[in-house]
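Position 294 (the sequence shown) corresponds to 294 in full-length UniProt numbering; numbering is contiguous.
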Amino acid sequence: MEELVNAINGVVWSPALIYLCLGVGLYFSLRTRFLQMRHFKEMLRLMFNRESSSAGVSSFQALAMTLAGRVGTGNIAGVATAITFGGPGAMFWMWLVAFLGASSAFVESTLGQVYKEKIDGQYRGGPAFYIEKGLGMKWYAWLFALTTVVATGVMLPGIQANSIANSMQSAFGIAPTVTAAVLAIMLGFIIFGGVKRIAVFAGAVVPFMALGYIIVACVVIALNIEQLPGVVALIFKSAFGFEAGMGAVLGFAIQWGVKRGIYSNEAGQGTGPHASSAAAVSHPAKQGLVQAFSVYIDTLFVCSATAFMLLITGQYNVQGPDGAALYTGIAGVAAGPGYVQTAMESIMPGFGSIFVALALFFFAFTTIIAYYYIAETNVAFINRKMKRPWLVFVLKVGLMAATVYGTVKTADLAWGLGDIGVGLMAWLNIIAIIMMQKPALACLRDYESQKAQGLDPVFHPEKLGIVNAAYWTGRRAEDNLAAEHSPPRPEGKPASAKSG
1 MEELVNAING
11 VVWSPALIYL
21 CLGVGLYFSL
31 RTRFLQMRHF
41 KEMLRLMFNR
51 ESSSAGVSSF
61 QALAMTLAGR
71 VGTGNIAGVA
81 TAITFGGPGA
91 MFWMWLVAFL
101 GASSAFVEST
111 LGQVYKEKID
121 GQYRGGPAFY
131 IEKGLGMKWY
141 AWLFALTTVV
151 ATGVMLPGIQ
161 ANSIANSMQS
171 AFGIAPTVTA
181 AVLAIMLGFI
191 IFGGVKRIAV
201 FAGAVVPFMA
211 LGYIIVACVV
221 IALNIEQLPG
231 VVALIFKSAF
241 GFEAGMGAVL
251 GFAIQWGVKR
261 GIYSNEAGQG
271 TGPHASSAAA
281 VSHPAKQGLV
291 QAFSVYIDTL
301 FVCSATAFML
311 LITGQYNVQG
321 PDGAALYTGI
331 AGVAAGPGYV
341 QTAMESIMPG
351 FGSIFVALAL
361 FFFAFTTIIA
371 YYYIAETNVA
381 FINRKMKRPW
391 LVFVLKVGLM
401 AATVYGTVKT
411 ADLAWGLGDI
421 GVGLMAWLNI
431 IAIIMMQKPA
441 LACLRDYESQ
451 KAQGLDPVFH
461 PEKLGIVNAA
471 YWTGRRAEDN
481 LAAEHSPPRP
491 EGKPASAKSG
């Protein structure tokens, strides 16, 4: 089984996908004039917009749902495997794919908002929706939807569950079967509660867990601050093959850095637009900018915290293409959360391993919940035509079963299946956003124009020549009808500002 999975991975994650991810990120960065730098302050301002509606969630809740999917085992175990097979230089390529990927995240999330729909009283959107409406390619939209249901509902949860089981066994001696049972019960409670419960849970847990992890990592770094300059130099030298002994993994540094970078921050993969489409905003670019910032939180903050802890403490291994050891700092420990637990334990005995296990539990558990929401959104897309409500129940049971299965299976198989899922989604989505970039770029120009006039931007798709944005045109019609039937305002009393 593992040999077959590895063979498929070799095709999906060929150098073509690596260069495509980097190239598209650079292309959109140039087309948007590096919005990830120009609009940094605006991203922070918009991120804390608490406005919501009965059909949608706030920008902050949508961001939390996205981060629930992005901040997961990839930020701990993923960083460890990237360094093992790509050397310390893999971290540079993770940073690069995050910086460039922020522009891709803006494009895909803005498109998700433009072409979203209200289904059963809830906002739904994502690549399947914008492929169908923006490109008019229904077969391609269905292909993405089906691929995503399989990837996020079956292939990806196992990685998160497996890492939870390994860390819990290492820190507390808890058997994987016990962990599997607890995960299944907790998952059932959350996912059977609907989108609002998912949003509330993510909004409460994600900021707390990410901030706590970063603070503890900063303490570790501060206690060894004299080593930080050398670690940063090691990352840059290894990234370009200038570090002695690391030249053999130069190509793998790029490959693993990009692969784990995409797995971690998901920019361009097509997962982010699902949660961003649930936000109640007055203009698609607002949520696009918020989602661009989420890439920074994931990779530049959380992943960097993990990498610095490993490299400062020296608790990591580097393996050459032939399997030979190029650096051994932690013999007898498999690449994954064990690296981080050992590193933390070496600095904070009696606390480090337990803290990492708990952090990984929350990281990975919220990610599984986010995977469910993404899969459910694509089932909702399919059900517009098929009208099979029982498919949602099957998805819930299937995801819980995949989680239990991944908990007790080998890590290599879990990661292999997850990589296939991520790669297939990335191929399909990146091609789509290249083909339909114009509406997203038009939204950015419109947003900037209205902001320059001192306005709170409001989206009118017809003014931008954007068609098939049925939600927005319908919303304008509802607003106009409400204005016509509202009682006249007393003379001299201004109209209240309306947004969201």
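Beta carbons: idealized from backbone N, C-alpha and C, even for Gly.
Out of curiosity, what's the CA-to-CA distance linking residue i and residue j?
| i | j | result |
| --- | --- | --- |
| Tyr316 | Thr328 | 7 Å |
| Ala497 | Glu42 | The predicted position of Ala497 is uncertain, since its pLDDT is 40 and thus under 50; a value taken from the coordinates is nonetheless stated next. About 20 Å. |
| Gln287 | Tyr115 | 13 Å |
| Leu146 | Ile164 | 27 Å |
| Lys463 | Phe106 | 21 Å |
| Thr377 | Gly261 | 24 Å |
| Phe355 | Thr110 | 37 Å |
| Ala470 | Gly125 | 12 Å |
| Ile347 | Met91 | 22 Å |
| Leu311 | Pro88 | 8 Å |
| Gly257 | Glu266 | 13 Å |
| Ser264 | Pro207 | 17 Å |
| Met94 | Val232 | 14 Å |
| residue 501 | Ile190 | The structure shown does not extend to residue 501, since the chain spans only 1 to 500, so no value can be given for it. |
| Trp472 | Leu391 | 28 Å |
| Met386 | Tyr372 | 20 Å |
| Gly173 | Asn166 | 9 Å |
| Val219 | Ile369 | 30 Å |
| Asp322 | Lys237 | 22 Å |
| Asn162 | Met209 | 19 Å |
| residue 506 | Ser14 | Outside the displayed range of the chain (1 to 500) lies residue 506, so it cannot be described from this structure. |
| Ile225 | Gly454 | 44 Å |
| Pro127 | Leu211 | 30 Å |
| Met155 | Asn9 | 13 Å |
| Gly320 | Gly251 | 11 Å |
| Gly418 | Leu360 | 17 Å |
| Glu448 | Ser103 | 15 Å |
| Phe240 | Pro157 | 34 Å |
| Gln160 | Trp427 | 22 Å |
| Leu187 | Phe201 | 12 Å |
| Ala324 | Thr313 | 22 Å |
| Ile214 | Ile221 | 10 Å |
Measuring alpha carbon to alpha carbon, tell me which of the options ends up nearest residue i.
| i | options | result |
| --- | --- | --- |
| Gln341 | Phe34, Ser29 and Ile76 | Ile76 |
| Leu358 | Gln169, Phe129 and Lys118 | Gln169 |
| Leu96 | Ala161, Thr84, Ala80 and Ile18 | Ile18 |
| Ala280 | Ser29, Leu30 and Ala62 | Ala62 |
| Tyr405 | Leu143, Ala184, Lys138 and Ser282 | Ala184 |
| Ile431 | Gly268, Val318 and Gly465 | Gly268 |
| Thr403 | Thr367, Pro457, Ala239 and Pro15 | Thr367 |
| Lys259 | Gly421, Ile215 and Gly188 | Gly421 |
| Lys438 | Glu226, Thr32, Arg388 and Gln227 | Thr32 |
| Phe192 | Ala440, Val467 and Val394 | Val394 |
| Pro389 | Tyr372, Phe144, Leu444 and Asp120 | Asp120 |
| Phe293 | Leu44, Cys303 and Val219 | Leu44 |
| Ala180 | Leu399, Gly212, Phe351 and Leu228 | Leu399 |
| residue 510 | Ile434, Gly320 and Thr313 | One cannot answer for residue 510 here, as it falls past the ends of the chain, which runs 1 to 500. |
| Gly177 | Phe144, Leu156, Gly241 and Ala401 | The sequence given here has Thr at residue 177, not Gly. If we check each option's Cα against that of Thr177, Ala401 comes out closest. |
| Ala364 | Val205, Gly136 and Ser59 | Val205 |
| Asn429 | Ile466, Ala324, Leu143 and Tyr123 | Leu143 |
| Gly136 | Gln450, Ala442, Gly474 and Met436 | Met436 |
Near residue i, what residues of its chain come up, given a Cβ to Cβ distance below 8 Å and the 5 sequence neighbours on each side ignored?
| i | result |
| --- | --- |
| Leu481 | With a pLDDT of 45 at Leu481, under the threshold of 50, the predicted position of this residue should be treated as unreliable, though the coordinate-derived value follows. Hits under 8 Å: none found. |
| Tyr129 | Correcting the residue identity first, residue 129 is Phe in this sequence and not Tyr. So the list reads Gly112, Tyr115, Lys116, Glu117, Ala141, Ser277 and Phe381, once near-sequence residues are dropped. |
| Asp446 | His283, Ala285, Pro457, Phe459, Lys463 and Leu464 |
| Leu444 | Thr32, Leu35, Phe106, Thr110, Ala285 and Gly288 |
| His485 | Its pLDDT being 49, under 50, His485 is placed unreliably in this model, and the value from its coordinates should be taken loosely. Nothing meets the Cβ criterion. |
| Asn6 | Gly416 |
Short of 6 Å in beta carbon distance, which residues of its chain neighbour residue i, apart from the five on each side in sequence? Order them along the chain.
| i | result |
| --- | --- |
| Ala217 | Ala305 and Met309 |
| Ile374 | Thr152, Thr271 and His274 |
| Val79 | Cys303, Thr306 and Ala307 |
| Ala440 | Val107, Thr110 and Leu111 |
| His39 | Leu289 |
| Pro490 | At Pro490, the pLDDT of 49 sits below 50, so the modelled position is not reliable and the matter cannot be decided from this model. |
| Lys396 | Ile191 |
I think residue i touches residue j, with their Cβ atoms under 8 Å apart; what is that distance to the nearest whole Å?
| i | j | result |
| --- | --- | --- |
| Ala335 | Thr84 | 4 Å |
| Val149 | Gly423 | With a Cβ gap of about 16 Å, Val149 and Gly423 do not count as contacting. |
| Val290 | Met37 | Val290 to Met37, Cβ: 16 Å. No contact. |
| Leu300 | Ala98 | 6 Å |
| Lys133 | Asn468 | 4 Å |
| Met344 | Gly352 | 3 Å |
I'd like the list of long-range same chain contacts for residue i, defined as Cβ closer than 7 Å, with 5 residues on each side in sequence excluded.
| i | result |
| --- | --- |
| Leu100 | Leu22, Gly25, Leu26 and Ser29 |
| Leu223 | Ile347 |
| Ile330 | Gln315, Tyr316, Asn317, Tyr339 and Thr342 |
| Leu234 | Pro88, Glu243 and Leu311 |
Would you say residue i lies against chain C (beta-carbon separation less than 9 Å)?
| i | result |
| --- | --- |
| Pro229 | No chain C is part of this structure, which consists of one protein chain only. |
Along the chain, which unbroken stretches of the beta strand (DSSP E) at least 3 residues long are found entirely within the stretch 319 to 367?
Qualifying beta strand (DSSP E) stretches, in chain order: 325 to 328.
Sequence ranges, beta strand (DSSP E) only - wholly within the stretch 120 to 151, length at least 3:
122 to 124
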